[in-house]
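Below is one structure, written out as structure tokens; the observations come after it.
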Amino acid sequence: MKFDGVLFFPVTPFAADGSVDVDVLKEHIASRLPYGPGGVFPACGTGEFHALSIDEVRTVVAAAVDVVAGKVPVVAGAGGPLGHALAAAKVAEEAGADALLVLPPYLVTGPTDGVVAYIEAVAAGSTLPVIVYHRGTAKVTAAAMARLAANPKVIGFKDGVGDVGLTQEIVTAIKTSGRRDFALFNGLLTAELTQGAYRGLGIPLYSSAAFAMAPEIAKSYYDAYVSGDEERRNALLEGFYGPLVRLRDQTPGFGVSLIKAGLRLGGLQVGSVRPPLMDPSEEQLLELKAILAKGNELAGS
2 MKFDGVLFFP VTPFAADGSV DVDVLKEHIA SRLPYGPGGV FPACGTGEFH
52 ALSIDEVRTV VAAAVDVVAG KVPVVAGAGG PLGHALAAAK VAEEAGADAL
102 LVLPPYLVTG PTDGVVAYIE AVAAGSTLPV IVYHRGTAKV TAAAMARLAA
152 NPKVIGFKDG VGDVGLTQEI VTAIKTSGRR DFALFNGLLT AELTQGAYRG
202 LGIPLYSSAA FAMAPEIAKS YYDAYVSGDE ERRNALLEGF YGPLVRLRDQ
252 TPGFGVSLIK AGLRLGGLQV GSVRPPLMDP SEEQLLELKA ILAKGNELAG
302 S
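So the number in my numbering is just where the residue sits in the sequence shown, counting from 1, plus 1.
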């Protein structure tokens, strides 16, 4: 499975009655496809997987598959309690997803062998290949990833821990295993801020929540990144991504809340986030609006 471009993690829009707004979701995804995402990841972190029922996961993934229509891979989230993860894997398969992103187990922390067993169980729960999301209660070692890389259904690794030394060991272990088809992603929050370092580790791909909110800015950064235009890339880091991260860090969960708020500021009525996440205050919205304006100026959009 080939990914080429910014990895797009759409939000999940909610209507006034709290249900998933399928029409707005389809509009959201369709409006980003012209900017060339390398893959679409519905019902994942930015899509509030933690707050979706299994039926809602099915609805979200089916809508994404319908809109994407085979243009790029669609990778659905599967995680939380093992039963929930297996159910999510099954409905994602039925909805037509191309692969699964295995999110962390819920709350409990097991030994590394237990995490590996969890990932293997999700991989065995459907015909879909899986990508390991390394974060939270799903931390692995280089030896564990070498074991997982021996499973042909495990096709990728997404790092959300940020331990550079460990990540380098994992990348080396995967390469030593002989796998040349393995997709390696930087999955840290606002990954653009760290992607320069991750490229040096041998991880060329990154997920972008900002792409969901401001595709013009995210595409401008990506183009600068792949072309080696360090002046433009650094200008966007200093003028847009840096201020966005500082605002994000004011409140837990703002990695998602700000994206939805930015979409609402842009006129797409995606609704609020679900608890335990919270929407930004009016003061924070004004700050976000100014950050987006500066980003658009730097991107020339």
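Glycine included, each C-beta is placed from N, C-alpha and C at the ideal position.
Taking buried to mean at least 16 other C-beta atoms within 10 Å of its own C-beta, is residue i buried or exposed?
i, result
"Ser20", "exposed"
"Arg33", "buried"
"Glu94", "buried"
"Thr60", "buried"
"Pro276", "exposed"
"Gln331", "Missing from the structure shown is residue 331; the chain here goes from 2 to 302 and no further."
"Ser258", "buried"
"Ala86", "buried"
"Val75", "buried"
"Glu49", "buried"
"Thr110", "exposed"
"Lys72", "exposed"
"Ala294", "exposed"
"Pro281", "buried"
"Asp182", "exposed"
"Thr113", "exposed"
"Ala291", "exposed"
"Leu129", "buried"
"Ala125", "exposed"
"Ala17", "exposed"
"Ser221", "buried"
"Val227", "exposed"
"Asp164", "exposed"
"Ser54", "exposed"
"Ala210", "buried"
Pull up the distance between the alpha-carbon of residue i and that of residue j, whole angstroms please.
i, j, result
"Ala96", "His135", "25 Å"
"Tyr199", "Ala219", "17 Å"
"Val255", "Gln270", "Residue 255 is actually Phe in this sequence, not Val. Straight-line Cα distance between these residues: approximately 18 Å."
"Phe158", "Ile132", "6 Å"
"Gly296", "Val141", "36 Å"
"Ala88", "Pro153", "22 Å"
"Gly179", "Pro82", "32 Å"
"Thr177", "Glu28", "43 Å"
"Leu167", "Asn187", "13 Å"
"Gly80", "Ala31", "26 Å"
"Gly263", "Glu288", "11 Å"
"Ser273", "Lys261", "7 Å"
"Thr252", "Met279", "9 Å"
"Glu57", "Gly161", "25 Å"
"Phe15", "Val23", "8 Å"
"Pro11", "Ala44", "8 Å"
"Pro105", "His51", "10 Å"
"Thr47", "Val25", "16 Å"
"Leu194", "Gly137", "20 Å"
"Leu108", "Ala139", "10 Å"
"Ala63", "Leu101", "14 Å"
"Ala225", "Glu283", "33 Å"
"Val92", "Ala65", "13 Å"
"Arg265", "Glu121", "39 Å"
"Leu8", "Tyr223", "10 Å"
What I want to know is whether the C-beta of residue i ends up closer than 7 Å to one or more non-hydrogen atoms of the ligand FAD.
i, result
"Asp160", "Absence of the ligand FAD is noted for the structure shown, with no ligands found whatsoever."
Starting from residue i and walking both ways along the alpha helix (DSSP H), at which residues does that stretch end?
i, result
"Ala70", "First-last for Ala70: undefined, no H or E at that position."
"Leu206", "Here Leu206 belongs to no alpha helix (DSSP H); instead the beta strand (DSSP E) covers Leu206 to Ser209."
"His29", "Val23 to Arg33"
"His85", "Leu83 to Ala96"
"Leu287", "Glu283 to Ala300"
State yes or no: is the beta carbon of residue i nearer than 8 Å to at least one beta carbon in chain D?
i, result
"Ile292", "Absence of chain D from the displayed structure is noted, only one protein chain being present."
Tell me the residue span of the beta strand (DSSP E) that contains residue i.
i, result
"Leu102", "Ala100 to Val103"
"Asn187", "Ala184 to Asn187"
"Gly76", "Looking at the sequence itself, residue 76 is Val, so the reference to Gly does not match. Where Val76 is concerned, the enclosing beta strand (DSSP E) stretches over Val76 to Ala79."
"Leu123", "Checking the sequence, you will find Val at residue 123 rather than Leu. Where Val123 is concerned, there is no enclosing beta strand (DSSP E), although the alpha helix (DSSP H) it sits in stretches over Thr113 to Ala125."
"His135", "Val131 to His135"
*asked:* With three or more beta-carbon pairs closer than 8 Å as the criterion, would you say the region 222 to 236 touches the region 244 to 261?
replied: The count of Cβ pairs closer than 8 Å, one atom from the region 222 to 236 and one from the region 244 to 261, stays below three, leaving the stretches out of contact.
*Indicate whether the contact test is met: 3 or more Cβ pairs, each with one atom in the region 35 to 48 and one in the region 2 to 9, closer than 8 Å.*
Verdict: yes, contact present.
*Inter-stretch contact (C-beta, 8 Å, three-pair minimum) for the region 115 to 127 and the region 142 to 162*: Touching, yes.
_List, from N- to C-terminal side, the alpha helix (DSSP H) runs of 4 residues or more that fit wholly inside the region 142 to 207._
Within the region 142 to 207, the complete alpha helix (DSSP H) runs of at least 4 residues are 143 to 150, 165 to 177 and 196 to 201.
*Hey, which unbroken runs of the alpha helix (DSSP H) at 4 residues or more fall wholly within the region 220 to 270?*
List check, alpha helix (DSSP H) in window: 231 to 237, 243 to 249 and 255 to 266.
*Could you tell me whether the region 164 to 183 touches the region 202 to 210, where touching means 3 or more Cβ pairs closer than 8 Å?*
With the cut-off at 8 Å, the region 164 to 183 and the region 202 to 210 touch.
_4 or more residues per run - each alpha helix (DSSP H) lying fully within the region 35 to 62_ = Runs of alpha helix (DSSP H) with 4 or more residues, each lying fully within the region 35 to 62, are absent.
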